[in-house]
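Chains as they are written, first to last, in the working numbering: chain A, 244 to 353; chain B, 48 to 197.
As structure tokens, the structure follows; a few thoughts come after it.
Okay, structure coming up:
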């Protein structure tokens with residue numbers, strides 16, 4: 244999985260490209276938690292080019308959301324393909340994770 | 048005409064997830080299965096395979112996990128066979144899906160996903176092996192079946 248990192252008005256943006264599974268989730272977790280340790284409180288995860296997510300990927304997203312909440316920070320998830328979004332729905336995560344349609348919607352939430 | 052059945056063996060290592068995905072995609076594409084259907088089958092197999100690797104073996108030895116994929120009369124049938132400790136994932140408790148983010152626990156989630164994405168998940172212990180049989184009606188997949196939570 245490729246992770247493209249950008250920063251826009253102090254918001255850390257992670258664009259995921261490929262597959263977020265048990266093999267790739269650890270690298271992603273490391274990156275996100277390094278940023279949180281460095282003081283980042285605003286994050287957007289762009290799912291536009293993510294083709295696949297498993298429970299290992301959900302685990303990282305949940306962990307990051309909890310960590311940011313503790314720091315009074317905020318995370319937004321955007322632009323998921325239908326079948327990726329369905330995984331969040333089956334897991335019941337869509338009820339408490341902020342999932343929006345587009346990057347603009349995500350940016351506007353800050 | 049592509050074969051209706053493929054069998055292959057994977058090592059007990061998470062790096063084999065890529066091989067699992069490739070085998071499944073190749074089979075699915077040869078049968079004209081939708082991207083969504085291949086995705087859902089991939090996820091169910093991934094979760095059960097990952098579970099076996101993570102909890103199935105109480106030694107450091109290499110093990111082999113045998114997978115069979117077949118398509119018969121609009122039904123996809125998968126079998127996953129391992130020689131690990133006896134473990135029946137169909138008996139794992141479903142996580143509480145109505146929880147708040149603070150209460151949310153991730154345990155059992157992978158198996159919950161697998162059960163939801165398949166029409167049937169059956170477990171057998173036979174000749175010191177765990178055998179999982181998964182069934183998925185591919186006609187139903189195309190017609191957005193209603194998900195039942197819990």
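Just so you know, even glycine gets a beta-carbon here, dropped at the ideal spot from N, CA and C.
Based on Cα-Cα distance, which residue from the options lies nearest to residue i?
i, options, result
"residue 184/B", "65/B, 92/B, 123/B, 87/B", "123/B"
"residue 177/B", "67/B, 62/B, 95/B", "95/B"
"residue 341/A", "284/A, 318/A, 274/A, 268/A", "318/A"
"residue 142/B", "154/B, 149/B, 148/B, 136/B", "154/B"
"residue 313/A", "282/A, 269/A, 246/A, 352/A", "282/A"
"residue 100/B", "173/B, 71/B, 62/B", "62/B"
"residue 136/B", "108/B, 171/B, 60/B", "171/B"
"residue 292/A", "339/A, 336/A, 320/A", "320/A"
"residue 268/A", "259/A, 275/A, 299/A, 250/A", "299/A"
"residue 337/A", "144/B, 139/B, 89/B", "144/B"
"residue 114/B", "89/B, 121/B, 164/B, 186/B", "89/B"
"residue 381/A", "346/A, 277/A, 244/A, 328/A", "Nothing about residue 381/A can be read from this structure; chain A reaches only from 244 to 353."
"residue 327/A", "347/A, 315/A, 306/A, 259/A", "259/A"
"residue 270/A", "287/A, 247/A, 347/A, 285/A", "247/A"
"residue 79/B", "151/B, 51/B, 103/B", "51/B"
"residue 363/A", "273/A, 284/A, 274/A", "Not covered by the structure: residue 363/A. The range shown for chain A is 244 to 353."
"residue 102/B", "139/B, 117/B, 87/B", "139/B"
"residue 146/B", "352/A, 305/A, 347/A", "305/A"
"residue 54/B", "180/B, 151/B, 150/B, 116/B", "116/B"
"residue 265/A", "351/A, 332/A, 244/A, 352/A", "244/A"
"residue 162/B", "148/B, 60/B, 125/B, 107/B", "125/B"
Which whole-angstrom value is the C-beta distance of residue i and residue j, which I expect to be below 8 Å?
i, j, result
"residue 334/A", "residue 301/A", "6 Å"
"residue 289/A", "residue 322/A", "6 Å"
"residue 294/A", "residue 261/A", "6 Å"
"residue 84/B", "residue 75/B", "7 Å"
"residue 256/A", "residue 275/A", "The Cβ separation is near 12 Å, so there is no contact."
"residue 91/B", "residue 164/B", "5 Å"
"residue 180/B", "residue 169/B", "5 Å"
Identify whether residue i lies in helix, strand or coil by the three-state DSSP scheme.
i, result
"residue 54/B", "strand"
"residue 346/A", "helix"
"residue 117/B", "strand"
"residue 89/B", "helix"
"residue 195/B", "Because residue 195/B carries a pLDDT of 48, less than 50, the predicted location of this residue cannot be relied on, and the following value inherits that uncertainty. Looking at residue 195/B - three-state DSSP - the assignment turns out to be coil, as it is neither helix nor strand."
"residue 62/B", "helix"
"residue 126/B", "strand"
"residue 173/B", "strand"
"residue 111/B", "strand"
"residue 318/A", "strand"
"residue 255/A", "strand"
"residue 140/B", "coil"
"residue 188/B", "Note that residue 188/B scores 49 on pLDDT, short of 50, meaning its location in the model is unreliable; the coordinates nonetheless yield the value given after this. Here residue 188/B sits in helix by DSSP."
"residue 337/A", "helix"
"residue 327/A", "helix"
"residue 285/A", "strand"
"residue 154/B", "coil"
"residue 267/A", "coil"
"residue 296/A", "strand"
"residue 75/B", "helix"
Using a Cβ-Cβ cut-off of 8 Å (strictly less than) and excluding sequence neighbours within five positions of residue i, which residues of its own chain qualify?
i, result
"residue 64/B", "93, 96, 97"
"residue 186/B", "121"
"residue 166/B", "182, 183, 184, 187"
"residue 58/B", "109, 110, 111, 112"
"residue 119/B", "51"
Note down, in chain order, each residue of its chain lying with its Cβ closer than 7 Å to the Cβ of residue i, except the 5 sequence neighbours on either side.
i, result
"residue 105/B", "132"
"residue 308/A", "318, 340"
"residue 77/B", "49"
"residue 190/B", "Note that residue 190/B scores 44 on pLDDT, short of 50, meaning its location in the model is unreliable and no value can be drawn from it."
"residue 66/B", "57"
Tell me which same chain residues have a C-beta within less than 6 Å of the C-beta of residue i, skipping the five on either side of it?
i, result
"residue 330/A", "296"
"residue 128/B", "113, 176, 178"
"residue 303/A", "268, 271, 272"
"residue 87/B", "164"
> So does the region 151–158 of chain B actually touch the region 127–135 of chain B, counting three or more Cβ pairs closer than 8 Å?
Replying inline: Judged by Cβ distances under 8 Å, the region 151–158 of chain B makes no contact with the region 127–135 of chain B, as fewer than three pairs qualify.
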